[in-house]
């Protein structure tokens, strides 16, 4: 393996621990500075209301809530490191278990939506960049602008109205039907049937980013000398675009995909809470509505980890394909 | 001639080709805006007029319930129909303009102001302060914006100002980064160096030489950020985590519309939704227009 790549990777990975420390401090600080009563946060309002004052004092003592902030922070960090992320009182289970259980559903939804989005954005981007300045380009640009200015939840509601309520083609909520079929083949069909609507909404909602990206990078690439060379050696326009222009645009595209993780998580909150998709996004929504602070803290940490991972992958993909990046 | 050559040069590092004429350019731009109203600006002016004169344009109370006519489809009496409490949606949508514009603009001014100041100090003074501030930016960038916002609004008491504060506090980082890198490059220009040699104080250099050169970033960022903040507010309210539910905000109306949609009632969703799209679209158009006029040669542009 190339030495410069290893050096770059090491340098890049070394940046992560301080960032993790920063995130843990940030999460703790928000929690610490908020007017939320920590005992309520740990046990849930209902439990606390049932307890006697002596019990409350004992619990505070046990949880170390009467200690100064830095001691509490270190204690909390130790528990996090040992995998004890607290107890979710709305799900009545440990936070980490709940998050891990919900994660695959989010992964399924976002990866499907994301791939669709990238595919759609790339196709439209290529069409409009090849015909830059034409009528189809301006129509696509206008459409892109409107979608960019439309909140994803509005798209979701309208899609639900048209496809589930008026046409009745697709189910509007959950991951499986109530009386889910038993055979695995039918089960998969049922799941795909439920996946179509949320995944498409996610795809259309995010398309604008990909579209703009691929369009501008192809237009830029088309002015490079190697395109003239490609044309001069007699390639037709399709070969020039697909073989030369797009190829060079793929690099920022990959990076863009890695960097969109926070956007995707945001999108999954919207789509999952509207379509009742049992993933992390729905979990965040439930936790926020019913004030499950431990769960919220856990989700903040977990989603930050995902973002860091996404950024790392984007940088590594970039360094792998473009050696210049390694020497920055 | 030299300027022309430089303008033709596509080297990305040469951003300073815009700056010598910037202050002048800014005045010119303001003048040309007053001459040729762009469609975006025109739409925003109309929206502002609607927001300010909402009481005179609406025959009904936007908050009081009228249980005798719930869920009326659009008609001559109620052009946008009524909701489940019989409130006139046209009145509510118009009053919603106030909430959205107020939240959007305040949050955006706050975010850009904060980001601008931090970026300015970070880029100008450099050194340890710079690295600490930039690590702070990296840290706050790590949790997804949506999650951070939801955590903030859940943990603190809910009001219009909490929402503004929460949006402001989670959106200043991009401006800070942008302003920092610009301040860093301006700091190394000959005229700043000569000012330092002449004994100018830091405050003077910041105010006289650096901040004016970055004004165009602030103008563009505030515009684009307003659009983003309006979307964010409507999203939070839609989830039921934003503006207190009795206030007419577009997000709150959509939150109620979500219940109706399964019964095929479309007007409670469509009209507030359309207003969001129109508002955000026109602000974005204005932002693009400002970008074209204030920073025509800037490559990569000013993204949020």
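Protein chains in written order, with my numbering: chain A, 766 to 1093; chain B, 49 to 352. Even glycine gets a Cβ: it sits at the ideal position worked out from N, Cα and C. Being a predicted model, the structure only gives us computed values, none of them experimental.
{"Query": "Should residue 856 of chain A be labelled buried (16 or more other beta-carbon atoms within 10 Å of its own) or exposed?", "Result": "buried"}
{"Query": "For residue 885 of chain A, collect the residues of the same chain with a Cβ closer than 7 angstroms to its Cβ; drop the 5 residues on either side in sequence, then sort them by chain order.", "Result": "968, 972"}
{"Query": "Who are the near neighbours of residue 219 of chain B in its chain, counting only those whose CB is closer than 6 angstroms to its CB and skipping five residues on each side?", "Result": "159"}
{"Query": "Let me know if residue 957 of chain A comes out buried or exposed under the rule of 16 or more other beta-carbons within 10 Å of its beta-carbon.", "Result": "exposed"}
{"Query": "Mind reading off the beta-carbon distance from residue 305 of chain B to residue 922 of chain A? Whole number of angstroms is fine, and I expect it under 8 angstroms.", "Result": "7 angstroms"}
{"Query": "Would residue 1010 of chain A count as contacting chain B if we go by Cβ distances under 8 angstroms?", "Result": "no"}
{"Query": "Just to confirm the assignment, what range does the alpha helix (DSSP H) spanning residue 1052 of chain A have?", "Result": "1045-1054"}
{"Query": "Using alpha carbons as the reference points, say which of A/864, A/913, A/1002, A/999 lies closest to residue 970 of chain A.", "Result": "A/913"}
{"Query": "How close, in whole Å, do the beta carbons of residue 801 of chain A and residue 813 of chain A come, if the pair is a contact with beta carbons under 8 angstroms?", "Result": "Between residue 813 of chain A and residue 801 of chain A the Cβ distance is about 12 angstroms, and since that is not below 8 angstroms, they are no contact."}
{"Query": "Could you name the residues of the region 197-217 of chain B whose beta carbon sits closer than 8 angstroms to any beta carbon of chain A, in the order they occur along the chain?", "Result": "198, 199, 200, 201, 202, 203, 204, 205"}
{"Query": "What residues in the region 847-869 of chain A bring their beta carbon closer than 9 angstroms to a beta carbon of chain B?", "Result": "none"}
{"Query": "Given a cut-off of 8 angstroms, decide if residue 1066 of chain A and residue 1053 of chain A are closer than it, judged by their beta-carbon atoms.", "Result": "no"}
{"Query": "Suppose the cutoff is 7 angstroms on Cβ atoms and the five residues either side in sequence are ignored; what does the same chain contact list for residue 292 of chain B look like?", "Result": "206, 207"}
{"Query": "At 8 angstroms on the CB atoms, spell out the chain B contacts of residue 931 of chain A, in chain order.", "Result": "312"}
{"Query": "If you measure between the beta carbons of residue 965 of chain A and residue 192 of chain B, is that distance less than 8 angstroms?", "Result": "no"}
{"Query": "Mind reading off the beta-carbon distance from residue 195 of chain B to residue 234 of chain B? Whole number of angstroms is fine, and I expect it under 8 angstroms.", "Result": "Not a contact, Cβ separation roughly 35 angstroms."}
{"Query": "Quick one: is residue 779 of chain A near chain B, going by C-beta distance under 8 angstroms?", "Result": "no"}
{"Query": "Using a Cβ-Cβ distance under 8 angstroms, would residue 978 of chain A count as near chain B?", "Result": "no"}
{"Query": "State buried or exposed for residue 950 of chain A, treating a residue as buried only when at least 16 other CB atoms are found within 10 Å of its CB.", "Result": "exposed"}
{"Query": "My output table needs one value for residue 853 of chain A: the three-state DSSP class, helix, strand or coil.", "Result": "strand"}
{"Query": "Could you pull the start and end residues of the alpha helix (DSSP H) that residue 111 of chain B belongs to?", "Result": "From DSSP, residue 111 of chain B is part of no alpha helix (DSSP H); its letter is neither H nor E."}
{"Query": "Any idea if residue 1086 of chain A is buried or exposed, counting beta-carbon neighbours within 10 angstroms, 16 or more meaning buried?", "Result": "exposed"}
{"Query": "Quick one: does the C-beta of residue 1058 of chain A sit closer than 7 angstroms to a heavy atom of the ligand ATP?", "Result": "In the structure on display, the ligand ATP does not appear, and there are no ligands present to speak of."}
{"Query": "Using 8 angstroms for Cβ pairs, my map puts residue 140 of chain B next to residue 301 of chain B. What's the rounded Cβ distance?", "Result": "6 angstroms"}
{"Query": "CB-CB under 7 angstroms to residue 1016 of chain A, same chain, minus the five flanking residues each way: which ones, in chain order?", "Result": "1083, 1086, 1087"}
{"Query": "For a test of the three-state rule: what should DSSP assign to residue 130 of chain B, helix, strand or coil?", "Result": "strand"}
{"Query": "Measure from the alpha carbon of residue 1045 of chain A to the alpha carbon of each residue in A/1055, A/998, A/1064, A/850, then state which is nearest.", "Result": "A/1064"}
{"Query": "Just list the beta strand (DSSP E) runs in the region 769-798 of chain A, keeping only unbroken ones of 3 residues or longer that don't cross its boundaries, in chain order.", "Result": "none"}
{"Query": "Looking at residue 891 of chain A and residue 1011 of chain A, is the spacing between their C-beta atoms short of 8 angstroms?", "Result": "yes"}
{"Query": "For residue 153 of chain B, is the classification buried or exposed, using 16 other Cβ atoms within 10 angstroms of its Cβ as the cut-off for buried?", "Result": "buried"}
{"Query": "In this structure, how does DSSP classify residue 136 of chain B when only helix, strand and coil are distinguished?", "Result": "strand"}
{"Query": "How many Å lie between residue 309 of chain B and residue 298 of chain B at the Cα?", "Result": "16 angstroms"}
{"Query": "Can you list, in chain order, the residues of the region 286-306 of chain B whose Cβ is nearer than 8 angstroms to any Cβ on chain A?", "Result": "286, 287, 288, 289, 302, 305, 306"}
{"Query": "Just verifying my parser: in three-state terms, what is the DSSP assignment at residue 858 of chain A?", "Result": "strand"}
{"Query": "Would you say residue 1056 of chain A lies against chain B (beta-carbon separation less than 8 angstroms)?", "Result": "yes"}
{"Query": "Looking at chain A, which residues of the region 311-335 of chain B have a Cβ within less than 7 angstroms of any of its Cβ atoms?", "Result": "312, 314, 317, 321, 324, 325, 328, 329, 332"}
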